[in-house]
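S.K.:
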Amino acid sequence: MAVIGDPVAHSLSPAIHNAAFAAMGLGWVCVGFQVHPAGLADALGGIRGLGIRGVSVTMPHKSTVLEGLDELTPAAQALGAVNCITNDDGRLIGDNTDGGGFLMGLQHDFDLDPAGLDCLVIGAGGAARAVVRALAGARAARVGVLNRSQERAAAAAALAGPQGFVAVADDVRWADLVVNATPLGMGGDDTVPIDPSLLVDGQTVAELIYHPARTRLMRVAAERGCATANGVSMLVGQAAHAFRQWTGSDAPIEQMRAGALRGMGLLDEN
Ligand code: NAP
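Here my numbering is used: the first residue of the sequence shown is 228, the next is one more, and so on.
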């Protein structure tokens with residue numbers, strides 16, 4: 228299989244999928260290809276011609292790749308973004324597995340089913356949109372979207388149908404589940420996307436960021452009695468959904484998680 232992006236060297240897909248292929252003894256391999264936007268159509272032709280079974284899609288191709296595909300799943304269609312392509316005898320099917328991956332992460336990290344919960348998603352970009360749609364599909368009671376741009380917040384909230392609404396900062400207080408789907412707190416950035424004093428004991432705070440492994444939001448939320456986790460489980464979960472589509476087998480989740488952590492330099496091998 229392949230991962231296409233520009234740049235692509237930072238992608239953890241090869242580390243995750245190669246760990247899975249090795250664990251399952253499949254003899255498959257995942258290779259990263261740096262594909263310039265102008266070369267995307269040729270790359271899709273190459274995938275068909277070479278019979279590459281599965282492709283992970285990363286930036287900047289997640290939206291532009293749609294027009295070159297033969298079929299889209301309901302998730303890819305609703306989100307207007309594809310992160311996973313399955314090559315079915317030359318027919319390229321685009322899917323978006325981020326939402327399913329997020330729900331797997333909630334289950335793994337918090338043993339949490341969002342059905343009936345009040346949820347608040349911070350951010351309205353590609354990741355937030357996938358999370359909002361997934362939470363509504365999992366029968367969350369309400370899905371609020373808190374975002375800098377109100378227009379994008381409204382568009383993301385609409386993905387949740389009647390459960391969706393555009394949130395205000397104070398809504399953080401009432402949420403059972405708070406999700407950070409902005410890049411605030413990523414890398415060397417030590418900022419938080421909300422006023423931490425609004426967080427209350429017993430809330431669940433899911434961070435989509437995985438670098439650093441513990442963001443400032445996670446630290447302050449834990450201090451206030453919230454359960455917290457980073458975005459590693461979503462990353463592994465979206466890859467697990469893709470693995471199942473390509474191979475027809477259940478994904479070896481723990482080996483994939485170990486592959487991701489190894490790729491991030493976070494796995495203590497001793
Ligand atoms: P994106 O499409 O660029 O969206 C970013 C969102 O954050 C937008 O809603 C934007 O608001 C908001 N934002 C950006 N800078 C901000 C600032 N300075 N102040 C307030 N709001 C700001 O990004 P994305 O692809 O959705 O990714 C979002 C985060 O999720 C990233 O940290 C990414 O690494 C993470 N992620 C994790 C996984 C995983 O598997 N764990 C998967 C995908 C993404 P506006 O709409 O107002 O511009």
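Ideal Cβ placement from N, Cα and C applies to all residues, glycine included.
#1: Check whether the segment 420-427 and the segment 398-407 are in contact - that is, three or more C-beta pairs closer than 8 angstroms.
#2: Classify ALA368 as helix, strand or coil using the three-state DSSP reduction.
#3: How about the segment 320-329 and the segment 377-387: do they share at least three Cβ pairs that are nearer than 8 angstroms?
#4: Report the residue ranges of all beta strand (DSSP E) runs contained in full by the segment 415-447; include only those spanning at least 3 residues, in chain order.
#5: What separation, rounded to the nearest whole angstrom, lies between the Cα atoms of VAL309 and ALA469?
#6: CB of LEU435 to nearest heavy atom of the ligand MN: below 8 angstroms?
#7: Between the Cα of SER460 and the Cα atoms of PHE329, THR431, ALA342 and GLU378, which residue gives the shortest distance?
#8: Quick one, are the C-beta atoms of GLY464 and GLY327 less than 9 angstroms apart?
#9: Between the beta-carbon of ARG451 and the beta-carbon of ASP428, is there less than 9 angstroms?
#10: Using a Cβ-Cβ cut-off of 6 angstroms (strictly less than) and excluding sequence neighbours within five positions of GLY490, which residues of its own chain qualify?
#11: For the 8 angstroms Cβ check, are there 3 or more pairs between the segment 259-272 and the segment 281-299?
#12: Please state the DSSP three-state secondary structure of LEU239.
#13: Starting from LEU339 and walking both ways along the beta strand (DSSP E), at which residues does that stretch end?
#14: Residues in the same chain with beta-carbon distance under 6 angstroms from GLN472, minus the five sequence neighbours each way, listed in chain order, please.
#15: Quick test of your reading: GLU481 and ALA456, contact by CB under 8 angstroms. State the CB separation rounded to the nearest angstrom.
#16: Are ARG369 and ASP397 close, meaning C-beta to C-beta below 9 angstroms?
#17: Assign SER283 to buried or exposed, taking buried as 16 or more other Cβ atoms, counted over all protein chains shown, within 10 Å of its Cβ.
#18: Have a look at ASP340, ALA440 and GLN390 and flag the residue whose alpha-carbon is nearest the alpha-carbon of ARG360.
#19: Tell me the start and end of each unbroken alpha helix (DSSP H) in the segment 257-309 that is at least 4 residues and wholly inside, in chain order.
#20: DSSP state of ARG451, grouped into three classes?
#21: Looking only at its own chain, which residues have a Cβ that is under 7 angstroms from the Cβ of GLY295, when we skip the five neighbours before and after it?
#22: Report whether the distance from the Cβ of MET228 to the nearest heavy atom of the ligand NAP is below 8 angstroms.
#23: Is the closest heavy atom of the ligand NAP to the C-beta of MET251 under 8 angstroms?
#24: Considering only the beta carbon of each residue, do PHE337 and ALA478 sit closer than 9 angstroms?
M.R.: Straight from the coordinates:
#1: The segment 420-427, when compared against the segment 398-407, does touch it at the 8 angstroms Cβ threshold.
#2: Assignment of ALA368 by DSSP, reduced to helix, strand and coil, places it in the coil class.
#3: As far as the Cβ criterion goes, the segment 320-329 does not touch the segment 377-387, which means the pair count is below three.
#4: You should have 431-434.
#5: Cα-Cα distance, rounded: 11 angstroms.
#6: For the ligand MN, the structure offers nothing, since it holds only the ligand NAP.
#7: Out of PHE329, THR431, ALA342 and GLU378, PHE329 has the C-alpha closest to the C-alpha of SER460.
#8: Contact flag set, yes.
#9: For ARG451 and ASP428, yes; Cβs fall inside 9 angstroms.
#10: By the criterion of a C-beta distance shorter than 6 angstroms, GLY490 is surrounded in its chain by LEU239 and ALA242, once the five residues flanking it on both sides are discounted.
#11: Segments in contact, yes.
#12: Reduced to three states, the DSSP call for LEU239 is coil.
#13: Note, LEU339: premise wrong, no beta strand (DSSP E); not H, not E.
#14: Contacts found: THR313.
#15: 16 angstroms between Cβ atoms; not a contact.
#16: Against a cut-off of 9 angstroms, the Cβ pair of ASP397 and ARG369 comes out as no contact.
#17: Buried: at least 16 other Cβ atoms inside 10 Å.
#18: Across the set ASP340, ALA440 and GLN390, the C-alpha of GLN390 shows the shortest separation from the C-alpha of ARG360.
#19: For the segment 257-309, whole alpha helix (DSSP H) runs of length 4 or above, ordered along the chain, are 267-277 and 301-306.
#20: Coil at ARG451, not helix or strand.
#21: For GLY295, where only same-chain residues beyond five positions count, the Cβ hits under 7 angstroms are LEU267, ALA268 and LEU271.
#22: Taking 8 angstroms as the cut-off, the C-beta of MET228 does not count as close to any heavy atom of the ligand NAP.
#23: False, no ligand heavy atom lies under 8 angstroms from that Cβ.
#24: Going by C-beta atoms, PHE337 is not nearer than 9 angstroms to ALA478.
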